[in-house]
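Asker: Handing you this structure, nothing more for now.
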Amino acid sequence: MPDKQAKMGIPPHWQSYVTIESAAAEKSKGLGANIPMKPFDVFTSGRIAAIQDPGGAVFNVWEPKDNIGACIANCPGDFCWHELCTKDIEGSKTFCTGISKTGLGTRRTWKSSSIRASCAARAGWQA
Numbered sequence: 134m135p136d137k138q139a140k141m142g143i144p145p146h147w148q149s150y151v152t153i154e155s156a157a158a159e160k161s162k163g164l165g166a167n168i169p170m171k172p173f174d175v176f177t178s179g180r181i182a183a184i185q186d187p188g189g190a191v192f193n194v195w196e197p198k199d200n201i202g203a204c205i206a207n208c209p210g211d212f213c214w215h216e217l218c219t220k221d222i223e224g225s226k227t228f229c230t231g232i233s234k235t236g237l238g239t240r241r242t243w244k245s246s247s248i249r250a251s252c253a254a255r256a257g258w259q260a
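Residue numbers (my numbering): 134 to 260.
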């Protein structure tokens, strides 16, 4: 963890990166987001940024260039699920589908929805 974060009292945490299309950070501003970490190049590997969605949740994005990022799925050690806990599921759906080409599914058992990447549910929201 960078010293700056430790001095701010930020606890240890995971940072997940979501693969995005080019200019998604700019597109997100038009959807009401803040950009606490502006997009920048990571050598020739790709570009990263941090986005704070309109509901206040912060996540990281990865625009691949020479490094496409993780491509392992459905095997031990794979990150299989990411979940946003929010009070505004509909707003989160609008935001996420506005910046990325995702499909949405709904679970009927509780108040939640999932994001589909290709054919598998990979992330979701829960109120």
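Think of the CB as a built atom: it goes at the ideal place given N, C-alpha and C, for glycine as much as any other residue.
1) Whole-angstrom Cβ separation of S164 and G231, contact assumed at under 8 Å?
2) Taking one C-beta from the stretch 214-223 and one from the stretch 174-183 each time, how about it: are there three or more such pairs within less than 8 Å?
3) What residue from H215, F212, I201 has the CA that sits closest to E154's CA?
4) Leaving out five residues before and five after M170 in sequence, what residues of the same chain have Cβ atoms less than 7 Å from its Cβ?
5) To which residues does DSSP link F212 through a beta bridge?
6) Going straight from the alpha carbon of M134 to that of K160, what length do you get?
7) Which residues does DSSP list as the beta-bridge partners of D174?
8) If contacts are defined as beta-carbon pairs under 8 Å, then A157 and S225 qualify, I think. What distance do you get, rounded to the angstrom?
9) Given a cut-off of 8 Å on the beta-carbon distance, is the pair Q185 and V191 in contact?
10) Can you say whether C229 is buried or exposed, counting buried as having 16 or more other CB atoms within 10 angstroms of its CB?
11) Apart from the five residues on each side of it in sequence, which residues of its chain come closer than 8 Å, Cβ to Cβ, to K162?
12) List the endpoints of the continuous beta strand (DSSP E) containing T152.
Answerer: Taking the structure as given:
1) Note that residue 164 corresponds to Leu in the displayed sequence, not to Ser. Contact holds; Cβ gap of about 5 Å.
2) no
3) I201
4) A182, A183
5) DSSP lists no partner for F212.
6) Each residue's CA atom was taken as its position, placing M134 and K160 some 29 Å apart.
7) Per DSSP, the beta bridge partners of D174 are R180.
8) Wrong, their Cβ atoms sit about 15 Å apart, outside the cutoff.
9) yes
10) buried
11) I168
12) 150-152
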